[in-house]
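Residue numbers (UniProt numbering): 1 to 90. Accompanying notes for the structure given below.
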């Protein structure tokens with residue numbers, strides 16, 4: 001552990017605290033209640049990231065590549081398909 005960067009220490013501390021909080025939460029709730037709370041906490045952010053990726057980053061990447069937005073909708077996986085499949089965890 002000696003000689004690690006401050007970034008490495010920050011990661012160790014983050015995972016240590018995170019692990020403690022997740023473990024404490026699992027011990028203070030029943031399994032179904034714990035899972036419902038975890039899903040309710042994580043899934044909205046997951047959906048937001050999927051939305052940003054499909055409808056902001058993908059068009060920006062298409063434009064930066066020199067193509068038109070119309071080409072994005074001709075791909076095998078359109079932004080709507082990407083968002084829909086990932087939202088359903090497929």
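Idealized CB from N, CA, C, for every residue including glycine.
How would you call residue 61, buried or exposed, if buried means at least 16 neighbouring beta carbons within 10 angstroms? Flag for residue 61 reads exposed.
Any idea what DSSP makes of residue 89, helix, strand or coil? In the structure shown, residue 89 sits in coil (DSSP, three-state: anything other than H, G, I, E or B).
Looking at the structure shown, is residue 52 part of a helix, part of a strand, or coil, going by DSSP? Residue state, collapsed to three classes: helix.
What number of angstroms, rounded off, separates the C-alpha of residue 55 from the C-alpha of residue 79? The straight-line gap separating the alpha-carbon atoms of residue 55 and residue 79 is approximately 6 Å.
Would you list, in sequence order, the uninterrupted alpha helix (DSSP H) runs of no fewer than 4 residues that lie entirely inside the UniProt domain "Acyltransferase 3" (5-84)? Listed in chain order, they are 6-28, 31-52, 58-64, 69-72.
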